[in-house]
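Student: Shown below is the structure under consideration.
There are 4 protein chains.
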Amino acid sequence: MLSEKKDENDFHEIHISDAVNISKKSFVMMAGPCAAESRDQVMRTAEELVKLGIKVFRAGCFKPRTDPYAFQGSGEEGLKWLAEVRDQFGMKIISEVSNFTNFKIVEQYTDIIQIGAKSMYDHSLLIGSGKSAKPILIKRGFSATIDEYLRMTEYILVNGNGNVILCERGIRTFETASRFTLDLCGTAVMQDRVNLPLILDPSHAVGISRFVPKLALACAAFDCEGLIIEVHCNPSEALCDKNQALTLQQYKSLYAKVKEIAEINGRTVV
Amino acid sequence: MLSEKKDENDFHEIHISDAVNISKKSFVMMAGPCAAESRDQVMRTAEELVKLGIKVFRAGCFKPRTDPYAFQGSGEEGLKWLAEVRDQFGMKIISEVSNFTNFKIVEQYTDIIQIGAKSMYDHSLLIGSGKSAKPILIKRGFSATIDEYLRMTEYILVNGNGNVILCERGIRTFETASRFTLDLCGTAVMQDRVNLPLILDPSHAVGISRFVPKLALACAAFDCEGLIIEVHCNPSEALCDKNQALTLQQYKSLYAKVKEIAEINGRTVV
Amino acid sequence: MLSEKKDENDFHEIHISDAVNISKKSFVMMAGPCAAESRDQVMRTAEELVKLGIKVFRAGCFKPRTDPYAFQGSGEEGLKWLAEVRDQFGMKIISEVSNFTNFKIVEQYTDIIQIGAKSMYDHSLLIGSGKSAKPILIKRGFSATIDEYLRMTEYILVNGNGNVILCERGIRTFETASRFTLDLCGTAVMQDRVNLPLILDPSHAVGISRFVPKLALACAAFDCEGLIIEVHCNPSEALCDKNQALTLQQYKSLYAKVKEIAEINGRTVV
Amino acid sequence: MLSEKKDENDFHEIHISDAVNISKKSFVMMAGPCAAESRDQVMRTAEELVKLGIKVFRAGCFKPRTDPYAFQGSGEEGLKWLAEVRDQFGMKIISEVSNFTNFKIVEQYTDIIQIGAKSMYDHSLLIGSGKSAKPILIKRGFSATIDEYLRMTEYILVNGNGNVILCERGIRTFETASRFTLDLCGTAVMQDRVNLPLILDPSHAVGISRFVPKLALACAAFDCEGLIIEVHCNPSEALCDKNQALTLQQYKSLYAKVKEIAEINGRTVV
C-alpha cells in the first residue's frame with residue numbers, strides 16, 4: 000500500500016496554510032457546528048472561535064441523514080457562508096461531501112474535503128477525491144475494520160492525491176450507553192502501519208456533549224495530529240446533532256487543557 | 000413510516016413477471032454468479048440455471064471492491080450479456096448499482112435494481128431509486144440496525160417507488176470464523192414491523208461455499224419470500240468471491256430440498 | 000483438541016436413555032420452563048409435554064440473574080420436583096448449574112447437567128464437569144468466539160468426560176431489536192471442526208416468544224441434533240424470562256412442523 | 000441501586016493505606032506482572048517498581064486461562080511471594096480470584112481482591128465478595144453492557160461491602176487489530192451514573208505492549224482514579240500475556256508523563 004510506513008519516522012505532513020501545517024509537532028483544533036444552518040449561526044460561531052485561535056472551521060452543508068423527514072442541509076448557500084468565514088476571519092474551511100453528485104461544489108468552496116463515515120465505501124467519491132488537488136479528510140466507517148479502512152483510503156492515494164487525513168469517529172459495538180465507541184486501541188495499531196496524519200472526533204463518538212471534554216482530553220494525550228469537535232453558538236437550537244455540540248464556553252475551557260496536554264507530547268496547538 | 004404494517008395480513012406483493020410474483024405464497028430463487036466475468040461464463044451459468052427452473056438471474060457488473068487492485072467489474076458490456084440472458088432464456092435480471100454514477104445504465108438493462116450493503120446509506124442512490132419505475136432490492140448494511148435500515152429504505156418509498164424488496168445478508172460481529180453473521184433474530188423483528196417482502200442471502204453471510212446449503216435451508220424454513228444465492232459454472236476460477244459460490248451441482252441438490260421446505264410453509268418455489 | 004473431527008463422518012453419539020440417543024439420525028426436542036417455580040407449574044407443564052412425546056424436560060433451579068433483586072431460583076426444592084417429573088412421566092431431566100457451589104446437588108438430580116452461557120469461562124465448573132459421569136450441555140458464552148468456546152469445552156474433555164453437547168444460544172451484537180443474535184454462520188463452521196453434537200436454543204437467542212417458532216424451524220432445517228425451547232403452562236405469570244416462553248399450544252403446532260423438517264434432513268424427532 | 004450518584008460531587012472514597020486513598024484528588028498506579036511466576040520474578044519486579052514509587056503491586060496466582068494446556072498459575076505459593084512483597088517493600092497487594100473455590104485463600108493474602116472480566120457474572124463470587132471486609136476491584140466483562148456491569152456489581156454492595164472499585168479493560172468488538180477495544184465512551188456514561196472509583200486497564204485492552212503507553216496517557220487524561228498496568232522484569236520470558244507487558248524501562252518513562260497529565264486534572268499520583 001502507498002500509505003505504508005517505511006520506518007519509525009516516516010510521516011506525510013500536510014500543509015493547509017502558513018499557520019496550519021499538519022505534522023508531528025502540531026496539534027490542529029478543527030471546530031464548528033455540525034451543520035451550517037443560517038448565515039447568522041455560522042458567522043457568530045466562527046467569530047467566537049477565531050478569537051480563541053481556531054484556524055480550521057468545520058460545518059456540513061450536505062447532511063446525509065438517516066431520517067428522510069429530517070433537515071437535509073443548506074447546500075450551496077451554506078457553502079457560501081463558509082466562504083465568507085474564510086474571507087472575513089482567515090480561517091480554513093472543511094466541509095463534508097455526501098456523495099459524488101455534490102463533490103464538485105464542495106470542492107470549490109472548501110480547503111479540506113471531508114468524506115463522512117457513511118460514505119467511506121463510495122468508490123465514485125474516493126476516485127473523485129483521488130483526482131482532486133485538495134486535502135481529503137476521510138472518516139473511518141463505523142463498522143469498517145482498520146484493514147478495510149486503509150484499503151478504501153488507498154483508492155484516493157492510487158488515483159493521485161497523497162494528502163489524506165485519517166479520522167476515527169467511533170465504531171458500532173454492543174454498547175448503546177454512548178452513541179458509538181471511540182476505538183483508540185485499533186487506531187493505535189493503525190498509526191503504527193501508515194504514515195498518514197490522524198485526527199480524532201470525540202463528538203460523534205460519544206454523542207453526548209457533557210462527555211465530549213473528557214474524551215477530547217484523552218484524545219489529546221493519545222498523541223494524534225488533532226481533534227475535530229462540534230461547537231455551536233446555541234446547541235439547544237441546533238437542527239442537527241444538538242445533543243453532542245459543545246457551547247462556546249465549554250469549548251474554551253477544553254481548549255486550554257488540550258493545549259497543556261499537547262505540550263506534554265511535544266506539540267503546539269494550531 | 001410508509002412501510003409500516005397496518006395489520007397481521009398487510010403485505011406488499013411485487014409483480015416481477017407472469018411467472019414471478021413475490022407474495023406470501025411464493026418463494027423466489029434468485030441465482031447467478033457474483034460478477035459477470037465474460038459472455039461465456041454468464042451464458043453457461045444461465046443455461047444451466049434455467050434448466051432447473053430458475054427465473055431470476057443475478058450477476059454484478061459494477062463491483063465496489065474493498066481492494067483497489069482487485070477486479071472492478073465488466074461495466075456496461077456485462078449488462079449487455081445479462082440482457083442476452085433475458086432474451087435467450089426468458090429470465091428476469093437483477094444487478095447491482097454501486098453508486099449514482101451508474102444508476103441509469105443499470106436501470107436500463109435490469110428488471111430489479113440491487114442496492115448493495117455498502118451503498119445502503121447513499122442518499123443520491125436512494126432518492127434516484129425512489130424515482131425509478133423498477134423494483135429495488137436493497138440490502139441491509141452490515142452494521143445497520145434494523146431501525147436505520149428501515150429509515151434509509153423510507154427514502155425510496157417517500158420518493159415514489161413502493162416496490163422495495165428487503166434483503167438481509169449478514170451483519171458484522173466479533174465472530175470472524177464466518178465472513179458475516181446472518182441475523183435471523185433481528186430480521187424476524189423486522190418482518191413483524193413492515194409489509195415489504197424479504198429475501199435472504201446466505202452466500203454473503205457465511206462466505207464459505209460448503210456452508211451455504213445448510214444456511215439456505217435454515218432461511219427457507221424461516222419463512223421469507225426467497226433466497227439470492229451465488230452460483231458459478233466454475234467457482235475455482237471466479238474473479239470475485241470465489242470461496243462462496245456454489246457449483247451448479249451443489250445448487251441443484253440444494254434446490255430440491257428448498258422446494259420441500261418451502262412447501263411446509265405453504266409456498267411454491269418460483 | 001480432543002473434540003477435533005477426524006473425518007467427515009466422525010461424530011460422538013451420546014446415549015441419554017433407550018428412547019433418546021443423540022445421533023445424526025435423531026432430533027432431540029428438549030423443552031420446559033425457564034425456571035422451576037412451583038411443584039404445580041412444573042408438573043402441569045411436564046404433563047402436557049409428555050403427551051406430545053417430549054422426552055427431555057428442562058427447568059432451572061439455580062438462576063444466575065443479572066438483577067440482584069430478581070427471583071434467584073427454587074434451589075434443591077425445585078430439583079426434587081424435577082425428580083418427580085422423571086419418576087412420574089419417565090422424562091429425562093436437564094437443569095443448570097450456576098457455579099461450583101451447586102454442582103454436586105444439580106448433578107445428583109439431573110440426567111444432563113447444563114452449564115449456562117455466563118458460566119462458560121468458569122474453570123472450577125468445567126473441571127468438575129470433566130470428572131462427572133453425566134453428559135454436559137455447555138452453552139456458548141454470548142461473547143465467546145467459536146475458538147474460545149471449543150477451547151473452554153476442552154477443559155471438560157481433558158478431565159475425562161467425553162459426553163459434551165454444544166449449544167448455541169445467541170451472541171451479543173450491535174443489534175438490540177432482538178435479545179441476542181443466533182449465530183448460525185459461526186455454528187456451521189464449528190460443526191465442521193468438531194465431532195460433538197449441537198443443540199440450538201432459539202428461545203434465548205431472540206428472546207421474544209412470537210418469533211421463537213420461525214427461528215426454531217430455521218434451526219431444524221439447519222440440521223443440528225435438536226432444540227432446547229422454553230415452554231410454560233402460563234407464560235404471562237412466569238417469574239423468569241416471561242417474554243420468551245411459548246404456550247403449550249404454540250409449542251404443539253411448532254412441534255408438528257419441526258417433525259416434517261427434521262425428516263427432510265433424514266432425522267427422527269425424539 | 001446503592002451505587003447511584005446522588006449529586007455531582009457524590010463519590011465513594013476508598014482507603015487502602017495511609018499512602019493510598021482512592022479519591023478525586025489521587026491517581027493510583029497499580030502495576031506488576033500478569034502472573035506470579037517465581038519468587039525471583041516477583042521480587043525483582045517489585046523491587047524496581049517500589050523505587051519508582053509504586054504502592055500497589057499486582058500479580059495473578061490463579062489464572063483462568065482459555066487454553067487448558069497453558070500455565071494455570073502458581074496458586075497459594077504465589078500468594079506467599081506477594082505477602083513477602085508486602086512485608087519487604089511495604090506495597091499493598093491486589094490479586095485475582097478466579098472462582099469461589101479460591102476466594103478464601105486469595106482474600107487471606109491480599110489487600111484488594113480482584114474479580115476478573117470472565118468472572119463478572121459469577122454470583123457465588125459476587126455474594127462472597129459482598130461479605131468480605133476487603134475492597135473489591137471488579138473488572139467489566141468484555142461483553143457486558145454498562146447496565147449489566149452495574150447490576151452485577153450491585154450484588155457486592157447489597158451483600159454488605161461498599162468498597163467496590165470499577166475497572167474497564169476493553170470490550171469485544173468486530174475489530175481484531177487489537178486484542179479488545181477500550182470503551183472510554185461507555186465508561187464516561189458510567190462515571191456519570193455511579194459514585195464508585197474507576198481504574199482503567201490499558202494493558203488488557205490493547206494487548207500489545209508497544210501501544211500500552213499511548214493508551215495509558217489517554218486514560219490518565221480521561222480523568223479516572225488510576226491505572227492498572229502489566230509490567231514484567233523480562234517480558235519476553237513471561238509465562239502469560241507476554242505480548243502486553245511493559246519492560247521496567249518503558250513503564251518508568253510512561254510513569255513520568257502520567258504524573259504530568261494527572262496534575263493537569265488536579266490529581267496526585269500515588
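Which chain is which? The protein sequence lines are A, B, C and D, in order.
According to numbering that gives the first Met the number 0, the stretch in the first sequence is residues 0 to 269, in order.
According to numbering that gives the first Met the number 0, the stretch in the second sequence is residues 0 to 269, in order.
According to numbering that gives the first Met the number 0, the stretch in the third sequence is residues 0 to 269, in order.
According to numbering that gives the first Met the number 0, the stretch in the fourth sequence is residues 0 to 269, in order.
For glycine and all other residues, C-beta sits at the position ideal for the given N, C-alpha and C.
In this text, all values refer to a predicted model and were calculated from it rather than measured experimentally.
1) Pull out every residue of the stretch 132–159 of chain D whose Cβ sits closer than 8 Å to any Cβ of chain A, in chain order.
2) Could you pull out every residue in the same chain whose Cβ sits closer than 7 Å to the Cβ of F102/B, ignoring the five residues on either side in sequence?
3) DSSP puts S94/A in a beta bridge; with which residues?
4) At the 7 Å Cβ level, is R171/C part of the contact set with chain A, yes or no?
5) With DSSP as the reference, label E215/B as helix, strand or coil.
6) The beta strand (DSSP E) spanning E167/A covers which residue range?
7) Quick check on I207/B: does DSSP put it in helix, strand or coil?
8) Which term fits G185/C, buried or exposed, when burial requires 16 or more other beta carbons within 10 angstroms of its beta carbon?
9) Taking the alpha helix (DSSP H) that E262/D falls in, what are its first and last residues?
10) Kindly confirm or deny that the stretch 218–235 of chain B and the stretch 188–205 of chain B touch, where touching means at least three C-beta pairs closer than 8 Å.
11) Less than 7 Å between the C-beta atoms of L183/B and A217/C, yes or no?
12) Taking C-alpha atoms, which residue in I104/B, K130/B and L253/B lies nearest to S202/B?
13) Hey, how far is the Cα of K256/D from the Cα of A215/D?
14) In whole angstroms, what is the alpha-carbon distance linking R168/B and E236/C?
15) Please list the partners that T175/C has in chain A, where partner means a Cβ-to-Cβ separation under 9 Å.
16) Do V211/B and L245/B come within 7 Å of each other at the CB atom, strictly closer than that value?
17) Measuring alpha carbon to alpha carbon, tell me which of Y68/D, V41/D, K50/D and G89/D ends up nearest V157/C.
18) Following the continuous beta strand (DSSP E) through G31/D, name the residue where it begins and the one where it ends.
19) Buried or exposed: which applies to E75/C, given that a residue is buried once 16 or more other Cβ atoms fall within 10 Å of its Cβ?
20) So the alpha helix (DSSP H) F57/C belongs to, where does it begin and stop?
21) When the distance is taken between beta carbons, is C60/D closer than 7 Å to S94/D?
22) Skipping 5 residues on each side, what residues in its chain have a beta carbon closer than 6 Å to that of P63/D?
23) Helix, strand or coil for I15/B per DSSP?
24) How many Å lie between T100/C and S131/C at the Cα?
25) Tell me the DSSP secondary structure of K138/C in three-state form.
26) Any C-beta of chain C within less than 7 Å: which residues of the stretch 50–76 of chain D qualify?
27) Need the endpoints of the alpha helix (DSSP H) that E229/B sits in, please.
28) I'd like to know if G185/D contacts chain A, where contact means its C-beta is closer than 7 Å to some C-beta of that chain.
29) Note down the Cα distance separating K138/B from N160/D, rounded to an integer number of angstroms.
30) Chain B beta carbons: is any one of them nearer than 7 Å to that of K213/C?
31) Following the continuous beta strand (DSSP E) through L197/C, name the residue where it begins and the one where it ends.
32) Check for me: the alpha helix (DSSP H) holding V157/C runs from which residue to which?
33) Please report the distance separating the alpha-carbon of W80/D from that of V19/D.
34) Express the C-alpha separation of M119/A and T65/B in angstroms, rounding to a whole number.
35) Among A58/A, L136/A and V27/A, whose alpha-carbon lies nearest the alpha-carbon of V268/A?
36) Could you tell me the alpha carbon to alpha carbon distance between I53/D and I145/A, rounded to whole angstroms?
Tutor: Put simply:
1) S142, T144, I145 and D146
2) Working through the second sequence from its first residue, we reach residue 102/B at position 103. Cβ neighbours of F102/B beyond the five flanking positions: V96, L124 and G127.
3) Residue mapping note: residue 94/A aligns to position 95 of the first sequence, counting from 1. Its beta-bridge partners are I112/A.
4) Against the third sequence, residue 171/C aligns to sequence position 172. With its beta carbon less than 7 Å from one in chain A, R171/C belongs to the interface.
5) As a working note, residue 215/B is residue 216 in the second sequence. Correcting the residue type first, residue 215/B is Ala in the shown sequence and not Glu. When secondary structure is reduced to three states using DSSP, A215/B falls in the helix class.
6) Along the first sequence, one-based indexing puts residue 167/A at 168. E167/A -> beta strand (DSSP E) spans V163 to E167.
7) What you label residue 207/B is simply residue 208 of the second sequence in a count that begins at 1. DSSP places I207/B outside both helix and strand once states are collapsed to three, so it counts as coil.
8) Counting from 1 along the third sequence, the entry for residue 185/C is found at position 186. Under this definition G185/C is a buried residue.
9) By one-based count along the fourth sequence, residue 262/D stands at place 263. Residues L247 to I263.
10) yes
11) Position 184 of the second sequence, counting from 1, holds the residue named residue 183/B. Position 218 of the third sequence, counting from 1, holds the residue named residue 217/C. Result yes, Cβ atoms of L183/B and A217/C sit closer than 7 Å.
12) Within the second sequence, numbered from 1, the residue matching residue 202/B stands at position 203. Minimum Cα distance to S202/B is reached at L253/B.
13) Sequence index remark: in the fourth sequence, residue 256/D carries index 257 (1-based). Sequence index remark: in the fourth sequence, residue 215/D carries index 216 (1-based). One alpha carbon belongs to K256/D, the other to A215/D, and they sit about 10 Å apart.
14) Numbered from its first residue, the second sequence carries residue 168/B at position 169. Numbered from its first residue, the third sequence carries residue 236/C at position 237. Rounded to the nearest angstrom, the two C-alpha atoms are 37 Å apart.
15) Residue numbering aside, residue 175/C sits at position 176 when the third sequence is read from its first letter. Chain A residues near T175/C: F173 and T175.
16) Translated into positions along the second sequence, residue 245/B becomes position 246. Translated into positions along the second sequence, residue 211/B becomes position 212. Yes, the pair counts as a contact, with Cβ atoms nearer than the cut-off.
17) Residue mapping note: residue 157/C aligns to position 158 of the third sequence, counting from 1. For the residues Y68/D, V41/D, K50/D and G89/D, the minimum Cα distance to V157/C belongs to Y68/D.
18) The sequence position of residue 31/D within the fourth sequence is 32, counting from 1. Start and end: S25 to G31.
19) Position 76 of the third sequence holds residue 75/C. When all chains shown are included, E75/C counts as exposed.
20) The residue labelled residue 57/C in the question sits at position 58 within the third sequence. Reading off the sequence, residue 57/C comes out as Arg, not Phe. Here R57/C belongs to no alpha helix (DSSP H); instead the beta strand (DSSP E) covers V55 to R57.
21) Taking the fourth sequence and counting its residues from 1, the one referred to as residue 94/D is at position 95. Taking the fourth sequence and counting its residues from 1, the one referred to as residue 60/D is at position 61. Contact: yes.
22) Residue 63/D sits at position 64 when you count from the first residue of the fourth sequence. Answer for P63/D: S97 and K117, listed in chain order.
23) The residue you call residue 15/B lines up with position 16 of the second sequence. Residue state, collapsed to three classes: coil.
24) Within the third sequence, residue 100/C is the residue found at index 101, counting from 1. Within the third sequence, residue 131/C is the residue found at index 132, counting from 1. Approximately 15 Å, taken between the alpha carbons.
25) Along the third sequence, one-based indexing puts residue 138/C at 139. In the structure shown, K138/C sits in a strand (DSSP, three-state: E or B).
26) Closer than 7 Å at the C-beta level to chain C, one finds these residues of the stretch 50–76 of chain D: P63, T65, D66 and P67.
27) Within the second sequence, numbered from 1, the residue matching residue 229/B stands at position 230. Unbroken run through E229/B is the beta strand (DSSP E), G225 to E229; no alpha helix (DSSP H).
28) On the fourth sequence, residue 185/D is found 186 positions in, with the first residue counted as 1. With 7 Å as the cut-off, G185/D counts as an interface residue toward chain A.
29) Along the second sequence, one-based indexing puts residue 138/B at 139. Along the fourth sequence, one-based indexing puts residue 160/D at 161. In a straight line, the C-alpha of K138/B is about 51 Å away from that of N160/D.
30) Against the third sequence, residue 213/C aligns to sequence position 214. Output row for K213/C: interface = yes.
31) Residue numbering aside, residue 197/C sits at position 198 when the third sequence is read from its first letter. Here the beta strand (DSSP E) through L197/C covers L197 to L199.
32) The residue you call residue 157/C lines up with position 158 of the third sequence. Segment I145 to V157, the alpha helix (DSSP H) holding V157/C.
33) Here residue 80/D refers to the residue found at position 81 of the fourth sequence. Here residue 19/D refers to the residue found at position 20 of the fourth sequence. Near 22 Å, if we compare the C-alpha coordinates of V19/D and W80/D.
34) Taking the first residue of the second sequence as 1, we reach residue 65/B at position 66. Taking the first residue of the first sequence as 1, we reach residue 119/A at position 120. Whole-angstrom Cα-Cα distance: 10 Å.
35) The residue you call residue 268/A lines up with position 269 of the first sequence. Checking every option, the nearest Cα to that of V268/A belongs to V27/A.
36) Along the fourth sequence, read from residue 1 onward, the residue named residue 53/D stands at position 54. Along the first sequence, read from residue 1 onward, the residue named residue 145/A stands at position 146. Looking at the two C-alpha atoms, the distance is approximately 36 Å.
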